[in-house]
């Protein structure tokens, strides 16, 4: 029997997490540990220096904990309270809105999944992209399909997140298959606009401005825009090994000259 | 003339950022855009949905902005206010304490540098590791040496952060060289301890527990523990390309069976 931990960054009362609870209950024993309130954009913050308040709750018939903390906090707490070594899978989501490209760094949904992967537990980050159907059930169903397809591989692979973005469409028929993708490069600049200027202080807001760039067909952006389920394998090891070799070469040359 | 943007996550009044301002003033025109107060552990959060208050300040003779926001916010704002395309380098730090291994995900210092790299601006994240000398000047000096050694390469490399951890020692003589490293795997578990239990609520704190694991000689942990300056090249593209190929293979097999 699978033991599955479910979390998100929209808070334990969001429709996305209820959809995941219902879907994954079919294949395992599900537990929920999610933030008390919306923590979108919290990225990978953790609550290192103060205590975390936790409340027992129930979502879609599933017992769990609501945590006054960040998504990464909930995973650390969940793996401990539910006995880390026995958890087979952590699923984070379903996020309201996509988590694509480098923007995954801002995402609490992805951070929660990443936190699990750092502890060697396979994880899925699930996001509902574009559209206005709010079809969280479909996203949860697609995530379950991904788990079932790749379960054997995920179990033996240390430090892996599958970042899943599901197009928000009325029904499964409208989805044009799925694609294993890479994270797309940025296609926008963040601009700032000044909103107020008073003595000693200025105020700014961020605005996105489209950048002239080609969206690669291998990227998560391309898949989702073409109504495919995008699955991007992410690894918490940010080391750029090609550059590492290059730096060692350069360093060698510099040393020789000295 | 280099144009260099300096930020951190400890706030504009911290000793680490003043040390960076002094060191990098020698090689370029320096501007400072840093958080108003300490934002350690803020990770890669951004302030997407509200306005950012900004105050003009001066640090070590350098004019700049203090921002009521996160480290990533300061970089977005700084690149805009100071004309992105003209910035040659972003330097973030000097952080009080190391940023090593997967823990870089929690770090505001690294997040600020990563934000720059996402916009194609070379960046350095600089942290002072271990020890009790609080030798921020030495860390800043070492960071400047790194920039000078690798400047030509950094200028042509898109999306690169050099994560620099400097051992905290009395003087440069005590440093045993430097090493190009990779991010080490976790050598601890985060455990939780229950501190209080009241009606409807429980309270927990996080504690680190050492894990039995071998520290790789190629890792940032090993370098710093051996009093070397650790330089790890980091890339914001989290895609695991080896796994991507593997998933495509598995998917192919699954499809054939269906």
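Protein chains in written order, with the working numbering: chain S, 9 to 266; chain Z, 9 to 266. Beta carbons: idealized from backbone N, C-alpha and C, even for Gly.
Asked                                                                                                                                                                                                          : Found
Less than 9 Å between the beta carbons of residue 39 of chain Z and residue 144 of chain Z, yes or no?                                                                                                         : no
Check the Cβ-Cβ distances between residue 96 of chain S and every residue of chain Z, and say whether any is below 9 Å.                                                                                        : no
With a CB to CB cut of under 6 Å and the five nearest residues on each side skipped, what residues in its chain are close to residue 266 of chain Z?                                                           : Because the pLDDT of residue 266 of chain Z is 43, which lies under 50, any placement of that residue in the model is unreliable, and the question is left without a value.
Check distances from the C-beta atoms of the segment 195–224 of chain Z to those of chain S and list, in chain order, the residues that come in under 7 Å.                                                     : 198, 199, 200, 203, 208, 209, 210, 211, 212, 213 and 214
Can a CB atom of chain Z be found closer than 9 Å to the CB of residue 191 of chain S?                                                                                                                         : yes
Quick check: what's the CA-CA separation for residue 32 of chain Z versus residue 177 of chain S?                                                                                                              : 52 Å
Can you tell me whether DSSP reads residue 54 of chain Z as helix, strand or coil?                                                                                                                             : coil
Does the Cβ-Cβ distance between residue 72 of chain Z and residue 43 of chain Z come in under 9 Å?                                                                                                             : no
Using a Cβ-Cβ cutoff of 9 Å, what residues of the segment 237–248 of chain Z are near chain A? List them in chain order.                                                                                       : The structure shown contains no chain A; the protein chains it does contain are S and Z.
So, helix, strand or coil for residue 267 of chain Z, using DSSP?                                                                                                                                              : Any answer about residue 267 of chain Z is impossible in this case: the structure gives chain Z only from 9 up to 266.
Excluding the 5 residues flanking residue 115 of chain S on each side, which residues of the same chain have their C-beta closer than 6 Å to its C-beta?                                                       : 107
Select from the segment 172–188 of chain Z all residues with a C-beta closer than 7 Å to any C-beta belonging to chain S, and list them in chain order.                                                        : 188
Identify each residue in the segment 62–85 of chain Z for which the Cβ-Cβ distance to at least one residue of chain S is less than 7 Å, and report them in chain order.                                        : 62, 63, 84 and 85
Ignore the nearest five residues each way along the sequence and tell me which others in residue 128 of chain Z's own chain have a CB closer than 7 Å to its CB.                                               : 166 and 167
Counting only Cβ pairs nearer than 8 Å, list the residues of chain S close to residue 251 of chain Z.                                                                                                          : 165, 168, 241 and 243
When burial is assigned at 16 or more other CB atoms within 10 Å of the CB, is residue 34 of chain S buried or exposed?                                                                                        : exposed
Starting from the C-beta of residue 112 of chain Z, find all residues in its chain whose C-beta is less than 6 Å away, skip the five residues before and the five after it, and write them out in chain order. : 118
Cβ of residue 89 of chain S less than 9 Å from any chain Z Cβ?                                                                                                                                                 : yes
Between which two residues does the beta strand (DSSP E) harbouring residue 175 of chain Z extend?                                                                                                             : 169–175
Does residue 161 of chain S have its Cβ less than 9 Å from a Cβ in chain Z?                                                                                                                                    : yes
By a C-beta neighbour count over all protein chains shown, 10 Å radius and 16 as the cutoff for buried, is residue 250 of chain Z buried or exposed?                                                           : exposed
Note down, in chain order, each residue of its chain lying with its Cβ closer than 8 Å to the Cβ of residue 60 of chain Z, except the 5 sequence neighbours on either side.                                    : 75, 76, 77, 81 and 85
Does DSSP put residue 276 of chain Z in a helix, a strand or coil?                                                                                                                                             : With chain Z running from 9 to 266 in the structure shown, residue 276 of chain Z is simply not present.
Could you give the first and the last residue of the continuous beta strand (DSSP E) run that contains residue 103 of chain S?                                                                                 : 97–104
Just checking: is the beta-carbon of residue 110 of chain Z within a distance shorter than 9 Å of some beta-carbon in chain S?                                                                                 : yes
With distances taken Cα to Cα, identify the nearest neighbour of residue 190 of chain Z among Z:244, Z:134, Z:239 and Z:47.                                                                                    : Z:239
Answer yes or no: do residue 197 of chain S and residue 223 of chain S have a C-beta to C-beta separation smaller than 9 Å?                                                                                    : no
Helix, strand or coil for residue 132 of chain Z per DSSP?                                                                                                                                                     : strand
If contacts are defined as beta-carbon pairs under 8 Å, then residue 202 of chain Z and residue 211 of chain Z qualify, I think. What distance do you get, rounded to the angstrom?                            : 7 Å
From the DSSP output, in three-state form, read off residue 62 of chain Z for me.                                                                                                                              : strand
Do residue 10 of chain S and residue 120 of chain S have their CB atoms nearer than 9 Å?                                                                                                                       : no
Ordered along the chain, which non-local residues of its own chain (more than five positions away) have a Cβ less than 8 Å from that of residue 221 of chain Z?                                                : 193, 194 and 195
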